[in-house]
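Per our numbering, the sequence shown starts with residue 85, numbered consecutively.
All C-beta atoms in this analysis are idealised placements derived from N, C-alpha and C, irrespective of residue type, glycine included.
The structure displayed is predicted, hence computed values, not measured ones.
To start, the structure itself, in structure tokens.
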Amino acid sequence: MQRTYKTRADDARQSRGMSTFDTKIAVLLRADLESWQRLNVTAFLVSGLGATVPEVVGEPYEDADGVGYLPMFRQPVLVFEGTKETLGTAHERALGRALPRAVFTADLFSTGNDRDNRAAVRAVPTAGLDLVGLAVYGPRNAVDKVLKGARMHP
Numbered sequence: 085m086q087r088t089y090k091t092r093a094d095d096a097r098q099s100r101g102m103s104t105f106d107t108k109i110a111v112l113l114r115a116d117l118e119s120w121q122r123l124n125v126t127a128f129l130v131s132g133l134g135a136t137v138p139e140v141v142g143e144p145y146e147d148a149d150g151v152g153y154l155p156m157f158r159q160p161v162l163v164f165e166g167t168k169e170t171l172g173t174a175h176e177r178a179l180g181r182a183l184p185r186a187v188f189t190a191d192l193f194s195t196g197n198d199r200d201n202r203a204a205v206r207a208v209p210t211a212g213l214d215l216v217g218l219a220v221y222g223p224r225n226a227v228d229k230v231l232k233g234a235r236m237h238p
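This is the structure:
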């Protein structure tokens, strides 16, 4: 039996350090995606957050030799999975709460660039989007409500 997205207090692997953030970055993937699709969709979805929500990005990294590295998110990205219906409901909830969000539709698997990706999304009404992924950011409790019914990605 798979758990829902909420973690138990005694689940150290999931809860360690998580309570220090009052916000949450989450990705919800459609459960029937291939492994490569899950990785690709997750990467594309979270890329928009760093560009539009600057407070989610930490400081640049540097190793002991002084070599610099790009900054990363300041908090974990939690990945969930659900059915097509779960994605649709989560999308409606994210819209209703006006949370920063990104969508990835099935059509984007057949495009090859950003311009065509945007055109593919623009061509479909909101209710008709064939969602395979959704990223959302906001207050923990609001994101939890958006993701109600989703499961942590295995």
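Pair within 8 Å by beta-carbon distance, residue i and residue j
i: Pro144; j: Tyr153; result: yes
i: His237; j: Val137; result: no
i: Ala115; j: Gly166; result: yes
i: Ala174; j: Ala226; result: no
i: Thr126; j: Arg224; result: no
Close-in-space but distant-in-sequence residues of the same chain around residue i (CB under 7 Å, 5 per side omitted)
i: Val141; result: Gly134, Pro155, Phe157, Arg158
i: Leu192; result: Asn201, Ala204
i: Met104; result: Correcting the residue type first, residue 104 is Thr in the shown sequence and not Met. The answer is none, since no qualifying residue turns up.
i: Met231; result: Going by the sequence as given, residue 231 is Leu instead of Met. For Leu231, where only same-chain residues beyond five positions count, the Cβ hits under 7 Å are Tyr89, Ala110, Leu112, Phe164, Ala174.
i: Lys229; result: Arg177
Which of helix, strand or coil DSSP assigns to residue i
i: Thr167; result: coil
i: Pro184; result: coil
i: Leu123; result: helix
i: Gly152; result: strand
i: Leu129; result: helix
i: Gly134; result: helix
i: Phe105; result: coil
i: Asp208; result: In the sequence on display, residue 208 carries Val and not Asp. Coil, per DSSP.
i: Gly222; result: strand
i: Leu217; result: For clarity, residue 217 is Gly in the given sequence; the question names Leu instead. Correct three-state label for Gly217: strand.
i: Arg114; result: strand
i: Arg199; result: helix
i: Leu192; result: helix
When the options are compared against residue i, the one with the closest alpha-carbon
i: Leu117; options: Val216, Asp228, Arg185, Phe188; result: Val216
i: Phe128; options: Ala110, Ala178, Val227; result: Ala110
i: Asn124; options: Thr189, Thr173, Val208; result: Thr189
i: Pro209; options: Thr167, Gly233, Gly172; result: Gly172
i: Gly212; options: Glu169, Ala182, Val230; result: Glu169
i: Ala186; options: Glu146, Ala207, Tyr221, Gly196; result: Tyr221
Local Cβ density within 10 Å of residue i, reported as buried at 16 or more and exposed below that
i: Leu179; result: exposed
i: Arg199; result: exposed
i: Val151; result: exposed
6 Å Cβ shell around residue i - same chain, five flanking residues per side excluded
i: Arg122; result: Leu113
i: Gly132; result: Ala186
Contacting residues, own chain, Cβ-Cβ under 8 Å from residue i (five flanking each side not counted)
i: Leu183; result: Val220, Tyr221, Gly222, Ala226, Val227, Val230
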